[in-house]
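Asker: Protein sequences, first through last, are from chains A and B.
Here the first sequence stands for residues 9 to 224, where the numbers follow my numbering.
Here the second sequence stands for residues 9 to 224, where the numbers follow my numbering.
2 protein chains.
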Amino acid sequence: MSRTKATRIPESVSDSDRVAFDALLDDSSLGHFAFVAEGSAMLFPIAIARDSDTVLLHGSTGSRWLRSIATGIPVTLEVTAIDGLVVARSAFESSMRYRSAIAFGTCSIVSGDDKVRALEVITDHLIPGRAAEVRPHTTRELAATLVLRFTVEEFSIKHSSDWPEDQETDLAGDAWAGVVLAARGYSRELPAPDLRPGIAVPASVRALVAESDGGR
Amino acid sequence: MSRTKATRIPESVSDSDRVAFDALLDDSSLGHFAFVAEGSAMLFPIAIARDSDTVLLHGSTGSRWLRSIATGIPVTLEVTAIDGLVVARSAFESSMRYRSAIAFGTCSIVSGDDKVRALEVITDHLIPGRAAEVRPHTTRELAATLVLRFTVEEFSIKHSSDWPEDQETDLAGDAWAGVVLAARGYSRELPAPDLRPGIAVPASVRALVAESDGGR
């Protein structure tokens with residue numbers, strides 16, 4: 009197909025592309041889904057979590073967007089991580105370090121025991137270890153939640169981890185060049201105003217902040 | 009129109025929505041454009057910079073995606089900032105602090121003196137002060153660069169800056185609740201391997217890191 013320069017899966021995608029795609033999904037809490045509605049391109053951001061070679065997403069059963077793509081219409085998922093700015097000696101050669109994937113496929117509704125497990129996968133993707141710290145979902149909560157599984161039919165991934173590549177005349181000049189790394193993760197936690205005294209920050213949240221570049 | 013719950017501009021969008029939209033654009037280095045191509049929803053990420061009530065984007069004249077939307081076809085822009093995780097006492101009530109806008113409009117090609125100025129706006133949006141630190145674009149560089157201006161016809165913005173809103177029974181329990189703030193900006197700079205000795209980190213890059221949550 010002409011939509012991507014990629015490679016269909018599972019037949020012909022290189023192992024390294026699949027590893028890079030999975031790593032990007034694992035590093036990302038946010039994805040962007042697009043679809044065609046009444047002739048227009050609609051797109052919306054949503055939390056995503058990889059589950060083997062599929063992608064889970066969830067929201068309210070009242071969500072118009074989720075209900076639209078739950079019907080199994082063709083959808084496009086894009087996930088991008090900005091890893092840094094490439095600061096060259098000229099504006100022209102300046103760019104970004106990034107990883108970006110686009111995937112085409114369809115969504116289906118997750119239900120039953122698989123739904124319960126999928127919600128745990130989503131929770132633990134966003135805050136590793138959190139699912140075990142909180143009570144299980146109630147029946148009412150499960151009924152109010154729509155969980156979808158995106159099955160990838162085709163994807164491509166692009167990435168740049170470049171250093172500046174300046175022209176010879178600029179290399180001889182006085183301009184600085186380098187890379188500015190993007191802050192990652194979370195900077196700090198704030199207790200809720202109604203938190204009861206004596207409840208410590210849980211291990212999941214402590215680890216989330218400690219493992220972030222933004223942590224201090 | 010039914011695409012957004014919004015409000016057309018400039019007639020009826022509230023001033024506060026416009027201020028919030030502009031602030032989101034100013035805080036964002038990345039936007040996502042979607043359009044319909046051969047019946048599929050295509051989308052791609054790209055650096056954006058607000059210029060008054062329009063949005064600038066740029067890339068190589070060889071970019072297939074940019075050339076597609078340069079024709080003036082209807083395009084959808086989505087910009088989202090994740091400000092933090094809302095960690096509730098249950099997984100169900102957990103969510104995100106975010107700001108997200110969707111805008112419908114069209115792109116047009118920027119040329120001449122306006123193109124030179126637009127590239128400065130883009131450079132200074134990504135790295136404030138950088139345009140004055142580097143040499144001007146050459147004629148050849150300008151010829152190789154496609155600059156587009158996205159004109160907003162309609163937009164809507166959603167945001168959440170909530171605290172957890174737990175159920176009464178959960179409030180009485182032992183689970184922690186709060187917000188984990190997302191790291192913002194840049195963590196540190198790395199000099200290019202071919203940087204000549206004695207060239208100091210420029211003010212623009214120092215400020216970018218110093219003003220980030222990720223700075224240390």
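Every residue gets a Cβ at the ideal spot worked out from N, C-alpha and C, and that includes glycine.
Going straight from the alpha carbon of B/Ser-102 to that of A/Val-83, what length do you get?
Answerer: Mapped onto the second sequence, residue 102 of chain B falls at position 94. Mapped onto the first sequence, residue 83 of chain A falls at position 75. Roughly 26 Å separates the two Cα atoms.
Asker: Counting C-beta neighbours from all protein chains within 10 Å, is the total for A/Gly-113 16 or more, i.e. buried, or is it exposed?
Answerer: What you label residue 113 of chain A is simply residue 105 of the first sequence in a count that begins at 1. Counting other Cβ atoms within 10 Å of its Cβ, A/Gly-113 reaches 16 or more and is therefore classed as buried.
Asker: Tell me which same chain residues have a C-beta within less than 7 Å of the C-beta of A/Asp-34, skipping the five on either side of it?
Answerer: Working through the first sequence from its first residue, we reach residue 34 of chain A at position 26. Result list for A/Asp-34: Arg-58, in chain order.
Asker: According to a CB-to-CB cut-off of less than 8 Å, which residues of the region 26-53 of chain A neighbour chain B?
Answerer: Ser-37, Leu-38, His-40, Ala-42, Phe-43, Val-44, Ala-45, Glu-46, Gly-47, Ser-48, Ala-49, Met-50, Leu-51, Phe-52, Pro-53
Asker: In whole angstroms, give me the CA-to-CA distance for B/Thr-79 and B/Leu-150.
Answerer: Here residue 79 of chain B refers to the residue found at position 71 when the second sequence is read from its first residue. Here residue 150 of chain B refers to the residue found at position 142 when the second sequence is read from its first residue. When rounded, the distance between both Cα atoms is 19 Å.
Asker: Run through chain B and tell me which residues come within less than 7 Å of A/Pro-95, C-beta to C-beta.
Answerer: As a working mapping, residue 95 of chain A is identified with position 87 in the first sequence. Residue 95 of chain A is actually Val in this sequence, not Pro. The contacting residues are Ile-135, Val-213.
Asker: Give me the chain A residues within the contact set of B/Pro-82, using Cβ-Cβ distance strictly less than 7 Å, ordered along the chain.
Answerer: As a first step, residue 82 of chain B is located in the second sequence; it is residue number 74 there, counting from the start. By Cβ distance, chain A contributes Ser-48.
Asker: Is any non-hydrogen atom of the ligand ADP found closer than 7 Å to the C-beta of A/Ala-208, if you look at the structure I gave you?
Answerer: Although the ligand ADP was asked about, the structure shown includes no ligands whatsoever.
Asker: Grab the span of the alpha helix (DSSP H) containing B/Ile-77 for me, first residue to last.
Answerer: Translated into positions along the second sequence, residue 77 of chain B becomes position 69. It spans 72-78 - the alpha helix (DSSP H) in which B/Ile-77 sits, taken as one unbroken run.
Asker: At a Cβ threshold of 8 Å, is B/Thr-131 touching chain A?
Answerer: Position 123 of the second sequence, counting from 1, holds the residue named residue 131 of chain B. So yes, B/Thr-131 belongs to the interface.
Asker: Using a Cβ-Cβ distance cut-off of 8 Å, determine whether B/Ile-77 contacts chain A.
Answerer: Sequence index remark: in the second sequence, residue 77 of chain B carries index 69 (1-based). So, not an interface residue.
Asker: From B/Asp-218 to B/Ile-165, what distance separates their C-alpha atoms?
Answerer: Taking the first residue of the second sequence as 1, we reach residue 218 of chain B at position 210. Taking the first residue of the second sequence as 1, we reach residue 165 of chain B at position 157. As written in the sequence, residue 218 of chain B is Ala, which differs from the Asp given in the question. Near 29 Å, if we compare the C-alpha coordinates of B/Ile-165 and B/Ala-218.
Asker: What are the boundary residues of the alpha helix (DSSP H) that B/Glu-149 is part of?
Answerer: Stepping through the second sequence from its first residue, residue 149 of chain B is reached at position 141. Run containing B/Glu-149: 147-151, per the alpha helix (DSSP H) assignment.
Asker: Does the distance from the C-beta atom of B/Trp-184 to that of A/Pro-210 stay below 8 Å?
Answerer: Here residue 184 of chain B is taken as the residue at index 176 of the second sequence, counted from 1. Here residue 210 of chain A is taken as the residue at index 202 of the first sequence, counted from 1. Closer than 8 Å, so yes.
Asker: With respect to the beta strand (DSSP E) encompassing A/Thr-62, which residues constitute its N-terminal and C-terminal limits?
Answerer: In the first sequence, residue 62 of chain A corresponds to position 54, counting from 1. Looking at the DSSP string, the run of the beta strand (DSSP E) that includes A/Thr-62 is 62-68.
Asker: When the Cα atoms are used, what is the spatial distance from A/Ser-119 to A/Ala-152?
Answerer: Looking up residue 119 of chain A in the first sequence gives position 111. Looking up residue 152 of chain A in the first sequence gives position 144. Distance between the alpha carbons of A/Ser-119 and A/Ala-152: 12 Å.
Asker: Among the residues of its own chain, which have a CB less than 6 Å from the CB of A/Val-213, if the five just before and after it don't count?
Answerer: Translated into the one-based positions of the first sequence, residue 213 of chain A becomes position 205. Contacts found: Glu-197.
Asker: Would you verify that the beta carbon of B/Glu-141 is, or is not, closer than 8 Å to some beta carbon of chain A?
Answerer: By 1-based counting over the second sequence, the position of residue 141 of chain B is 133. By this cut-off, B/Glu-141 is an interface position.
Asker: Let me know the secondary structure DSSP gives B/Ala-185 once reduced to three states.
Answerer: Residue mapping note: residue 185 of chain B aligns to position 177 of the second sequence, counting from 1. B/Ala-185 falls in the coil class under three-state DSSP.
Asker: Alpha carbons only, please: which of B/Met-50, B/Val-187, B/Val-142, B/Val-129 is nearest the one belonging to B/Ile-90?
Answerer: Start at 1 with the first residue of the second sequence, and residue 90 of chain B comes out as number 82. Cα-wise, what sits closest to B/Ile-90 is B/Val-187.
Asker: Assign B/Ile-81 to buried or exposed, taking buried as 16 or more other Cβ atoms, counted over all protein chains shown, within 10 Å of its Cβ.
Answerer: Here the question's residue 81 of chain B lines up with position 73 in the second sequence. Exposed, because fewer than 16 other Cβ atoms sit within 10 Å of the Cβ of B/Ile-81.
Asker: Tell me whether A/Gly-92 sits in a helix, a strand or coil according to DSSP, three-state version.
Answerer: Within the first sequence, the letter at position 84 stands for residue 92 of chain A. The answer is strand: DSSP assigns A/Gly-92 an E or B state.
Asker: Mind checking which residues open and close the alpha helix (DSSP H) that includes A/Arg-214?
Answerer: Counting from 1 along the first sequence, the entry for residue 214 of chain A is found at position 206. 211-218 is the span of the alpha helix (DSSP H), which, as asked, contains A/Arg-214.
Asker: How would you write the range of the beta strand (DSSP E) that B/Ser-48 sits in, first residue to last?
Answerer: Translated into the one-based positions of the second sequence, residue 48 of chain B becomes position 40. Taken as a continuous stretch (DSSP letters only), the beta strand (DSSP E) holding B/Ser-48 covers 48-55.
Asker: How is the beta strand (DSSP E) around A/Ile-130 delimited, first residue to last?
Answerer: Counted from its first residue, the first sequence places residue 130 of chain A at position 122. A/Ile-130 -> not in any beta strand (DSSP E); alpha helix (DSSP H) instead, spanning 120-134.
Asker: In angstroms with no decimal places, state the Cα-to-Cα distance between B/Phe-158 and B/Phe-43.
Answerer: Here residue 158 of chain B refers to the residue found at position 150 when the second sequence is read from its first residue. Here residue 43 of chain B refers to the residue found at position 35 when the second sequence is read from its first residue. When rounded, the distance between both Cα atoms is 13 Å.
Asker: Should B/Phe-100 be flagged as near chain A, meaning a C-beta pair shorter than 8 Å?
Answerer: What you label residue 100 of chain B is simply residue 92 of the second sequence in a count that begins at 1. True, the Cβ-Cβ gap to chain A drops below 8 Å.
Asker: Would you check if there are 3 or more beta carbon pairs closer than 8 Å linking the region 22-31 of chain A to the region 164-180 of chain A?
Answerer: yes
Asker: The beta strand (DSSP E) that contains B/Leu-198, what's its start and end?
Answerer: Here residue 198 of chain B refers to the residue found at position 190 of the second sequence. Unbroken beta strand (DSSP E) run through B/Leu-198: 194-199.
Asker: Measuring straight from C-alpha to C-alpha, what distance separates A/Ser-22 and B/Leu-65?
Answerer: Taking the first sequence and counting its residues from 1, one reaches residue 22 of chain A at position 14. Taking the second sequence and counting its residues from 1, one reaches residue 65 of chain B at position 57. Cα-Cα distance, rounded: 32 Å.
Asker: Out of A/Ser-98, A/Ile-207, A/Ala-99, which one is the CA nearest neighbour of B/Gly-181?
Answerer: For the purposes of this step, residue 181 of chain B is taken as residue 173 along the second sequence, with counting starting at 1. For the residues A/Ser-98, A/Ile-207, A/Ala-99, the minimum Cα distance to B/Gly-181 belongs to A/Ile-207.
Asker: Hey, out of B/Tyr-194, B/Pro-205, B/Val-124, B/Ile-77, whose CA is closest to B/Leu-51's CA?
Answerer: Looking up residue 51 of chain B in the second sequence gives position 43. Of the listed residues, the one whose Cα sits closest to B/Leu-51 is B/Ile-77.
Asker: Whose C-beta lies closer than 8 Å to the C-beta of A/Arg-72 among residues of the same chain, with five residues either side of it excluded?
Answerer: Taking the first sequence and counting its residues from 1, the one referred to as residue 72 of chain A is at position 64. There are no such residues.
Asker: Let me know if B/Glu-161 comes out buried or exposed under the rule of 16 or more other beta-carbons within 10 Å of its beta-carbon.
Answerer: In the second sequence, the residue the question calls residue 161 of chain B occupies position 153. With fewer than 16 other Cβ atoms within 10 Å, it is exposed.
Asker: Under 8 Å, do B/Ala-55 and B/Ser-37 count as touching if we go by C-beta distance?
Answerer: Here residue 55 of chain B corresponds to residue number 47 of the second sequence, with the count starting at 1. Here residue 37 of chain B corresponds to residue number 29 of the second sequence, with the count starting at 1. Result yes, Cβ atoms of B/Ala-55 and B/Ser-37 sit closer than 8 Å.
Asker: Pull up the CB-CB distance for B/Ile-234 and B/Leu-85, whole angstroms please, since I reckon it's below 8 Å.
Answerer: Given a span of 9 to 224 for chain B in the structure shown, any question on residue 234 of chain B remains unanswerable.
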